[in-house]
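For the sequence shown, my numbering begins at 27 and goes up steadily by one. What follows is a short report on a single structure.
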Amino acid sequence: DPVTRAQALTTKVRRRMYKRAIREFKGIQMRSQENLQKLNFTVDLIQYAKTNMDSAKEKLGETVDAAQNKMSSTWKEIQAENPDLPDTVEGRTIAVARHVSQQLQQSVARVTSILPGSLQPAAVQERLQEAKNFTEDLYKSFQKVERYEDVPAWILTQTKERLTYLQDTLSFLTDKLLTGPLNWMGLKRKEEKVEEKVE
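What follows is the structure, encoded as structure tokens:
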């Protein structure tokens with residue numbers, strides 16, 4: 027009958043949407059994990075530099091050079107977008123913080139658009155909104171910074187705390203989206219359907 031066909035079509039559409047969303051989420055998950063590590067490392071560099079401003083210059087320069095080798099693709103992106111970027115340890119470190127925090131902001135925004143809000147349980151919606159607010163604040167913290175002195179110590183401490191929260195949120199979303207999505211999407215596993223038919 028028409029109702030049954032409509033329900034079957036809706037289920038198929040949801041399954042296709044879910045599979046597409048999961049493929050995209052896995053890519054976002056991997057990039058976000060990398061960016062969280064990069065921003066954590068960069069914040070550590072800024073904290074170290076602010077604490078040891080004079081003695082840190084040489085050591086910090088060596089550390090940033092090593093980081094540049096490890097994150098060559100990130101540096102290429104930054105240099106392509108900012109050809110006039112100051113070629114100093116300070117300028118490069120801040121540029122990385124700004125660039126990576128912006129990427130995190132974009133990733134979280136993209137996750138929120140993968141699935142319609144009507145298909146997200148309240149817990150997922152709440153964590154996503156909080157993560158969205160945090161990443162927006164992170165980007166604003168570094169958006170107009172030019173020197174280490176422009177970043178208050180409390181901002182760096184708060185940033186580390188929020189990065190920890192974002193890491194936890196990423197794990198939470200991975201668990202919800204990859205291991206238990208069928209129930210809250212209104213879908214049933216094939217084995218559940220078989221059991222219903224037997225009954």
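Glycine included, each C-beta is placed from N, C-alpha and C at the ideal position.
Identify whether residue i lies in helix, strand or coil by the three-state DSSP scheme.
{"i": "ARG173", "result": "coil"}
{"i": "THR36", "result": "helix"}
{"i": "LEU189", "result": "helix"}
{"i": "GLN184", "result": "helix"}
{"i": "ASP163", "result": "helix"}
{"i": "ASP70", "result": "helix"}
{"i": "GLN105", "result": "helix"}
{"i": "MET194", "result": "Here the sequence assigns Asp to residue 194, which means Met is not the residue at that position. Three-state result, ASP194: helix."}
{"i": "ASP201", "result": "helix"}
{"i": "THR61", "result": "It is worth fixing the name first, because residue 61 is Asn in this sequence and not Thr. Helix, per DSSP."}
{"i": "GLN155", "result": "helix"}
{"i": "GLN229", "result": "What is shown of the chain runs 27 to 225, which leaves residue 229 out entirely."}
Ordered along the chain, which non-local residues of its own chain (more than five positions away) have a Cβ less than 8 Å from that of residue i?
{"i": "TYR191", "result": "GLU156, ALA157 and PHE160"}
{"i": "LEU196", "result": "GLN55, SER58, GLN59 and LEU62"}
{"i": "ASP163", "result": "ARG188"}
{"i": "VAL171", "result": "ILE120, ALA123, ARG124 and VAL177"}
{"i": "LYS186", "result": "ASN66 and VAL69"}
Exposed or buried, which one is residue i when buried takes at least 16 other CB atoms within 10 Å?
{"i": "VAL115", "result": "buried"}
{"i": "LYS38", "result": "exposed"}
{"i": "ALA106", "result": "exposed"}
{"i": "SER139", "result": "exposed"}
{"i": "THR229", "result": "Outside the shown range of the chain (27 to 225) lies residue 229, about which nothing can therefore be said."}
{"i": "SER133", "result": "buried"}
{"i": "ALA75", "result": "buried"}
{"i": "ARG173", "result": "exposed"}
{"i": "THR36", "result": "exposed"}
{"i": "ARG118", "result": "buried"}
Return yes when the C-beta of residue i is under 6 Å from any heavy atom of the ligand ADP, and no when it is not.
{"i": "TRP101", "result": "In terms of ligand content, the structure shown is empty, and the ligand ADP therefore cannot be addressed."}
Pull up the CB-CB distance for residue i and residue j, whole angstroms please, since I reckon it's below 8 Å.
{"i": "ALA123", "j": "ASN108", "result": "With 8 Å as the limit, ALA123 and ASN108 do not qualify as a contact, their Cβ atoms being about 13 Å apart."}
{"i": "ASN78", "j": "LEU189", "result": "22 Å between Cβ atoms; not a contact."}
Taking residue i as part of the alpha helix (DSSP H), name the residues at either end of that continuous run.
{"i": "GLN128", "result": "115-140"}
Ignore the nearest five residues each way along the sequence and tell me which others in residue i's own chain have a CB closer than 6 Å to its CB.
{"i": "GLN128", "result": "TYR165"}
{"i": "VAL150", "result": "LYS202"}
{"i": "LEU154", "result": "THR138"}
{"i": "LYS64", "result": "VAL126"}
{"i": "SER99", "result": "none"}
Counting only the same chain and skipping the five closest in sequence on each side, list residues whose C-beta sits under 7 Å from that of residue i.
{"i": "PHE11", "result": "Look at the range of the chain in this structure, 27 to 225, and you will see that residue 11 is not part of it."}
{"i": "GLN73", "result": "LEU182"}
Output yes if chain B places a C-beta closer than 7 Å to the C-beta of residue i; else output no.
{"i": "GLU107", "result": "Absent from the structure: chain B. Only one protein chain is present."}
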